[in-house]
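Colleague: Chains as they are written, first to last, in numbering that gives the first Met the number 0: chain S, 0 to 213; chain E, 0 to 161.
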Amino acid sequence: MHPESIDSQAAQPSWNGRVKDNRVAHAALERDAELMLRVREGDQASFGLLLELHRVSVIHFIYRMVQNQAVAEELAQEVFLRVYRSRGTYEPTAKFTTWLFRIATHLGLNWIRDGRNEKLQDSLDQETSDGATRQLPDRGRTVEQELVYQAKLREIRQAIESLPSKQRAAVMMHKYEEMEYTQIANVLTCSESAVKSLLFRAYESLRTRLAHMA
Amino acid sequence: MEGCPLEKGNGAELVLSYGARTLAPDQAAAFERHMSSCAACRELAAAQQDVWSALDAWTPEPISPNFDEKLYQRILQEEQSPWWQRLFRANWSLRPAMPVAAACGVLIAAFLLRSPQPIPAPQSFSQPKVGIEQVERALDDIDMLRQIGVESSSQAHSPEKI
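#1: When the Cβ atoms of the stretch 96 to 103 of chain S are set against those of the stretch 65 to 83 of chain S, are three or more pairs found closer than 8 Å?
#2: Given a cut-off of 8 Å on the beta-carbon distance, is the pair E176 (chain S) and F60 (chain S) in contact?
#3: Can you have a look at D31 (chain S) and say buried or exposed, based on whether 16 or more other CB atoms are within 10 angstroms of its CB?
#4: For a contact defined as C-beta to C-beta under 8 Å, what are the partners of L214 (chain S) on chain E?
#5: Can you tell me whether DSSP reads P24 (chain E) as helix, strand or coil?
#6: Can you find the residues in the same chain that come closer than 6 Å, C-beta to C-beta, to T104 (chain S), ignoring five residues on each side of it along the sequence?
#7: Under 8 Å, Cβ to Cβ, is there at least one residue of chain E near Q8 (chain S)?
#8: In the structure shown, what three-state DSSP assignment does R32 (chain E) receive?
#9: Rounded to whole angstroms, what's the CA-CA distance from V57 (chain S) to A75 (chain S)? Just pull it up for me.
#10: Does the pairing of the stretch 9 to 25 of chain E with the stretch 37 to 50 of chain E give three or more beta-carbon distances under 8 Å?
#11: Go ahead and pull the three-state DSSP assignment for S196 (chain S).
#12: Does G130 (chain S) pass the burial test, meaning 16 or more other C-beta atoms within 10 Å, or should it be called exposed?
#13: Is it true that the CB of V78 (chain S) sits closer than 8 Å to the CB of L106 (chain S)?
#14: If you measure beta-carbon to beta-carbon, which residues of the stretch 52 to 71 of chain E are closer than 7 Å to chain S?
#15: Exposed or buried, which one is Q166 (chain S) when buried takes at least 16 other CB atoms within 10 Å?
#16: For M97 (chain E) and C103 (chain E), I'd like the C-alpha separation in whole angstroms.
#17: Thinking W83 (chain E) and L152 (chain S) are a contact (beta carbons under 8 Å), I'd like their distance in whole angstroms, please.
#18: Counting only beta-carbon separations shorter than 8 Å, does A46 (chain E) have a partner in chain S?
#19: Could you list which residues in chain E have their beta carbon closer than 8 Å to that of R63 (chain S), in chain order?
#20: So that I know if they touch, is there some Cβ in chain E lying closer than 8 Å to that of T35 (chain S)?
#21: Which value, in whole angstroms, describes the spacing of the CA atoms of G139 (chain S) and N67 (chain S)?
#22: Compute the beta-carbon to beta-carbon distance between S45 (chain S) and V38 (chain S), rounded to the nearest angstrom, for a pair I have assumed lies under 8 Å.
#23: Would L54 (chain E) pass as a contact of I155 (chain S) if the rule is Cβ separation under 8 Å?
#24: Got a sec: is the Cβ-Cβ distance from R54 (chain S) to anything in chain E below 8 Å?
#25: Is the number of C-beta pairs between the stretch 43 to 53 of chain E and the stretch 191 to 201 of chain S that are closer than 8 Å three or more?
#26: Anything in the stretch 1 to 20 of chain E with a Cβ closer than 9 Å to a Cβ of chain S? List those residues in chain order, please.
#27: For F199 (chain S), go through chain E and note every residue whose CB falls closer than 8 Å to its CB, in chain order.
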C-alpha cells in the first residue's frame, strides 16, 4: 500500500479509521523491514519498492523543511543513497521510517544550519534556469483565487521559516507525517517530553503568526 | 471533565491532540462538553484548528519525473567508483572516533615529553698544556725515585747486612 493512501485515511476524522490505520501501520512496519532485509541480500527490486513507498513523503518532508524543491530532491536522493549504502549493515532494530526520517531530518537540519537556504528559497517570481517564468501547477482556481492562495501560502511558509529548525522539523513530522510523539522523539533523538515542549512552543508561535488568517 | 485542563497544566497537549484528531472518542467528547462552558479552551482550540487548516493549505510541489533515474545513476556511479572512494563515502560516523583520536594525541604528546633527553655528544677533551720544564722535572723525579728504589733493594738483598 502506498504511504499516501495510509496518510489520507489517517486524516479522516473517523475514530474507527484511526484504529484501522494502526493495523495498517503495523503491517507497513513489517513490510518495510522485510523489504530492507531483501535489499541487504542483494534484491534491487525491493529497493525500488521502498523508494516507491517512501519517495513522496521524504521529498515533501524535506521540501517543507528547506522550502526549495530542487534542494529537497537533491537531499532526498542523498537520503535514499545512504539507505542503499547502509544495506549491508541494516538490522531491523528500529522502525524503518524512523531511521529514514532521521537521515532526512539530519540532512535538512544541516542544510538549514549551514545557512545555504538564505537565497535559495523558492520564490513565485523566480525564473527557472533557462529564463522561463515558473509554471504554477494548475489547481483549478481562477487567477484571483490563485493570487490569494499564493499570498496565504507565502505567509504560511514565512511562519514556518521563522520557527527554530528543530521545532520546524517536529511540526512537519507531527502535522504532515502524522507521527506520534514517541516516533518524533526517536527521529530527533530526544525525550518525548522534549518533543511535546518543542511542539507546544512551535504551535504557539504559529497561532500568533497565523491568527489573522482565520 | 473535572476542572479546566489549561489550569491543570495538560491543556496544551489536550488541545494539540484534539486539533490533530488523535484524542480517544470519549476524551474528545468530554473536552467538547468542557469547551461549551469554557471560553479560554474554546478560543485556544479554535486558534489551533485555524493553524491546522492553514497548514493543510500548503500543498507541496510536484516531484521531478526523473527523480528515480537520477538516483539510480548516482547509485551506479558509486558502485563503479574505486574501493577507496566507496570506503570514504561509507556512512561511518566520525563522532566515536573523535575521543579515540584525542586520546592517541595525548598519549603521543606524553611519550614525546617523557622520553629521555638525548645524550649530549661528548665534548672534545682538552688536553692540558704541559710545559717543557714540567716534563723535564717529571723525568728528573722519575730518575731520582728509580735510584732510591735501586739502593733500597740492594740494601735489602745484601747478606752482610743480615
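Cβ atoms here follow ideal geometry from the backbone N, Cα and C, with glycine treated the same way. All figures in this text were calculated on a predicted structure; none of them were measured in a lab.
Modeller: On the basis of the supplied data:
#1: yes
#2: Numbered from 1 along the first sequence, position 177 holds the residue referred to as residue 176 (chain S). Numbered from 1 along the first sequence, position 61 holds the residue referred to as residue 60 (chain S). In this structure, F60 (chain S) lies closer than 8 Å to E176 (chain S) by Cβ.
#3: In the first sequence, residue 31 (chain S) corresponds to position 32, counting from 1. Buried is the call here.
#4: The question about residue 214 (chain S) has no answer here: the residues shown for chain S are numbered 0 through 213.
#5: For the purposes of this step, residue 24 (chain E) is taken as the residue at position 25 of the second sequence. Helix at P24 (chain E).
#6: Residue mapping note: residue 104 (chain S) aligns to position 105 of the first sequence, counting from 1. Excluding sequence neighbours, T104 (chain S) sits near A168 and V186.
#7: As a first step, residue 8 (chain S) must be located in the first sequence, where it is residue number 9. Any reading at Q8 (chain S) must be qualified, since the residue scores a pLDDT of 34, below 50, and its modelled position is unreliable; the value itself is stated next. No, no contact with chain E.
#8: By 1-based counting over the second sequence, the position of residue 32 (chain E) is 33. Helix.
#9: Working through the first sequence from its first residue, we reach residue 57 (chain S) at position 58. Working through the first sequence from its first residue, we reach residue 75 (chain S) at position 76. Rounded to the nearest angstrom, the two C-alpha atoms are 6 Å apart.
#10: yes
#11: Along the first sequence, read from residue 1 onward, the residue named residue 196 (chain S) stands at position 197. Here S196 (chain S) sits in helix by DSSP.
#12: Reading the first sequence from its first residue, position 131 is the one you call residue 130 (chain S). In this prediction, G130 (chain S) scores a pLDDT of 45, lower than 50, which makes its location untrustworthy; the coordinate-derived value is nonetheless stated afterwards. By the neighbour-count rule (16 or more Cβ atoms within 10 Å), G130 (chain S) is not buried but exposed.
#13: Taking the first residue of the first sequence as position 1, residue 106 (chain S) is located at position 107. Taking the first residue of the first sequence as position 1, residue 78 (chain S) is located at position 79. Taking 8 Å as the Cβ cut-off, L106 (chain S) and V78 (chain S) qualify as a contacting pair.
#14: A53, L54, A56, W57, P59, E60, P61, I62, S63, F66, D67, K69 and L70
#15: As a working note, residue 166 (chain S) is residue 167 in the first sequence. That one is buried.
#16: Here residue 97 (chain E) refers to the residue found at position 98 when the second sequence is read from its first residue. Here residue 103 (chain E) refers to the residue found at position 104 when the second sequence is read from its first residue. Whole-angstrom Cα-Cα distance: 10 Å.
#17: Taking the first residue of the second sequence as position 1, residue 83 (chain E) is located at position 84. Taking the first residue of the first sequence as position 1, residue 152 (chain S) is located at position 153. Incorrect: roughly 47 Å between the Cβ atoms, too far for contact.
#18: For this step, residue 46 (chain E) is matched to residue 47 along the second sequence. At least one chain S Cβ lies under 8 Å of A46 (chain E).
#19: Start at 1 with the first residue of the first sequence, and residue 63 (chain S) comes out as number 64. The answer, in chain order, is W57 and P59.
#20: By one-based count along the first sequence, residue 35 (chain S) stands at place 36. Reading off the sequence shown, one finds Met at residue 35 (chain S), where the question assumed Thr. Not an interface residue.
#21: Locating residue 139 (chain S) in the first sequence gives position 140, where the first residue counts as 1. Locating residue 67 (chain S) in the first sequence gives position 68, where the first residue counts as 1. C-alpha separation (whole angstroms): 23 Å.
#22: Counting from one through the first sequence, the residue named residue 45 (chain S) turns up at place 46. Counting from one through the first sequence, the residue named residue 38 (chain S) turns up at place 39. Their Cβ separation, rounded to whole angstroms, is 5 Å, which keeps S45 (chain S) and V38 (chain S) in contact under 8 Å.
#23: For the purposes of this step, residue 54 (chain E) is identified with residue 55 of the second sequence, where counting begins at 1. For the purposes of this step, residue 155 (chain S) is identified with residue 156 of the first sequence, where counting begins at 1. For L54 (chain E) and I155 (chain S), yes; Cβs fall inside 8 Å.
#24: As a working note, residue 54 (chain S) is residue 55 in the first sequence. Judged by the 8 Å Cβ criterion, R54 (chain S) is in contact with chain E.
#25: no
#26: If the cut-off is 9 Å between Cβ atoms, the stretch 1 to 20 of chain E has A11, E12, V14, L15, G18, A19 and R20 near chain S.
#27: In the first sequence, residue 199 (chain S) corresponds to position 200, counting from 1. Residues of chain E passing the Cβ test: A11, E12 and L15.
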